[in-house]
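For reference, the structure discussed in these notes is given below.
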Amino acid sequence: MSENKKDKKNDQLFEHEFYKALNFYGYLLPNNSNDIERFEELYGKTEIDTPSLIELPKTKSEKSIPLLGEMNFDLSLGVAAFTSNENDSFHIPDDLVKNIKQEKKKSIKNNKGVDSNKNSK
Amino acid sequence: MTETAKKYRPLIEVSDWELIQTMAKWNSIPKEAESTFNEFYERYRSFLLKVCRKACQGFDSSNLLADDIFQNVFIKVRYKAYTFKLKDDSTNTNISKDIKAWLARIARNELINFLRKNPDEMELSNPYRIRTHELNENPIYAVTEEDKDAESLITKNSLDSLLQLLNERESYILMTYMQFYDPHNPNKHLPDDILKGVCLKFNIKPGNVRKIKERAIEKLRIAAK
């Protein structure tokens, strides 16, 4: 076998061994319960803190609620104009109001909010 | 169970299966689903973050990537808990491992999505590139089922030091290949969309991606001797 071919064969064997090692030591995401068991044996089940930047998805999705200043009132009015339920009063859900207030407070506090940016411009 | 723990985690004694079932009814009982989700998050956040951090080590900005994947997994879980399926119908058994495997599968998909990100550019892949099935090279060994779970000949310490030898590009490309490595088909190419993502990231041609991977393997093999 030529030297080149031999090297190629060795590389292939090594690649397989390398993959096995990555899988065994948790460098690849576990595929099955065996992998998970092994991962927990190697790295323990101790709780680790999620860094402060990571928030519950709940908070993340709430962030997508626009601040009051950003709301597209044209669209809201457009929708309202085609809604013919006269008996229904226009009511903003309490939790939405609470969220908006919280977000506004936060943005004012951090001086990074949309409003403060607009003012600075 | 202490009273304090119960105060902050009122659902701490609820089984995993009940949590999943309630979370799956997000549309009909959002409030209950929300609180069960919080408990679910508390139970599994630590495991998932550890797994993500470890699996992202070979990629650049690994901790940020791991954190992103972690968050995306929980967003998916929050709204798609109904996709969790038990292996059998025995709902009373400990399903914690099944849940962890499910979370890891979602995380893997998220990682692949990240590798696939290839905005706008659709023409990078070389249509004349040799396809996997056209390669003459045959695997030089037969992989058995036991082999998959067998301990590797490379120890953890040497694996860590080998990984240190790779530069950012080599590490990224090799770890990307390893996500798709098939012991039964070791010469398999990267999927086209993933390859496009890698080409875009490093501004290289598809043929070079494979060469960089091969050189990285050779470098590691020589170092491991």
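Top to bottom, those sequences are chains A and B.
Be aware that the first sequence starts at 629, since it is given in my numbering, and climbs by one per residue.
Be aware that the second sequence starts at 2, since it is given in my numbering, and climbs by one per residue.
A virtual CB, placed ideally from N, CA and C, is assigned to each residue, including glycine.
The model shown is predicted, which means the values in this text are computed figures rather than measured ones.
| Check | Outcome |
| --- | --- |
| Where does Trp18 (chain B) sit, in a helix, a strand or coil, going by DSSP? | helix |
| For the candidate residues B:Asn73, B:Ile107 and B:Phe41, whose alpha-carbon lies nearest to that of Thr84 (chain B)? | B:Ile107 |
| Report, in whole angstroms, the separation of the C-beta atoms of Gly198 (chain B) and Arg117 (chain B), which I expect to be a contact under 8 Å. | 5 Å |
| If we ignore side chains and look at the alpha-carbon of each, how far apart do Lys88 (chain B) and Lys206 (chain B) end up? | 43 Å |
| Between Thr23 (chain B) and Leu50 (chain B), what straight-line distance do the alpha-carbon atoms span, to the nearest angstrom? | 24 Å |
| Return the residues of the region 164–181 of chain B that lie within a Cβ-Cβ distance of less than 9 Å from chain A, sorted by chain order. | Leu164, Leu175, Met176, Tyr178, Met179 and Gln180 |
| Taking C-beta to C-beta, are Ala217 (chain B) and Ile174 (chain B) nearer than 8 Å? | yes |
| Beta carbons nearer than 9 Å to chain B: which residues of the region 656–668 of chain A have them? | Leu656, Leu657, Pro658, Asn659, Asn660, Ser661, Asn662, Asp663, Ile664, Glu665, Arg666, Phe667 and Glu668 |
| Take Phe181 (chain B) and list the residues in its own chain whose beta-carbon comes closer than 8 Å to its own, dropping the five residues that flank it on each side. | Lys189, Leu191, Pro192 and Ile195 |
| Skipping 5 residues on each side, what residues in its chain have a beta carbon closer than 7 Å to that of Gly654 (chain A)? | Phe667, Leu670 and Tyr671 |
| Return the Cβ separation of Ala67 (chain B) and Arg54 (chain B) in integer angstroms, given the expectation that the two are a contact with Cβ distance under 8 Å. | 4 Å |
| Would the beta-carbon of Lys98 (chain B) be found less than 7 Å away from any heavy atom of the ligand COA? | This structure lacks the ligand COA; in fact it carries no ligand of any kind. |
| Give me the chain B residues within the contact set of Ile676 (chain A), using Cβ-Cβ distance strictly less than 7 Å, ordered along the chain. | Ser47, Leu50 and Lys51 |
| Using a threshold of 8 Å, state whether the C-beta atoms of Ser36 (chain B) and Leu12 (chain B) are closer than that. | yes |
| Which of the three DSSP states is assigned to Asn204 (chain B) in this structure? | coil |
| Taking 7 Å as the limit between beta carbons, can you name the residues of its chain near Asp61 (chain B), skipping five residues before and five after? | Glu169 and Tyr173 |
| When you compare only the Cα positions, how much space is there between Glu14 (chain B) and Val725 (chain A)? | 33 Å |
| Using a cut-off of 9 Å between C-beta atoms, extract the partners of Pro187 (chain B) located in chain A. | Gln640, Glu643, His644 and Tyr647 |
| Please name the residue, chosen from B:Tyr42, B:Gln165, B:Ala56 and B:Ala224, that lies closest to Ile113 (chain B) on a Cα-to-Cα basis. | B:Ala56 |
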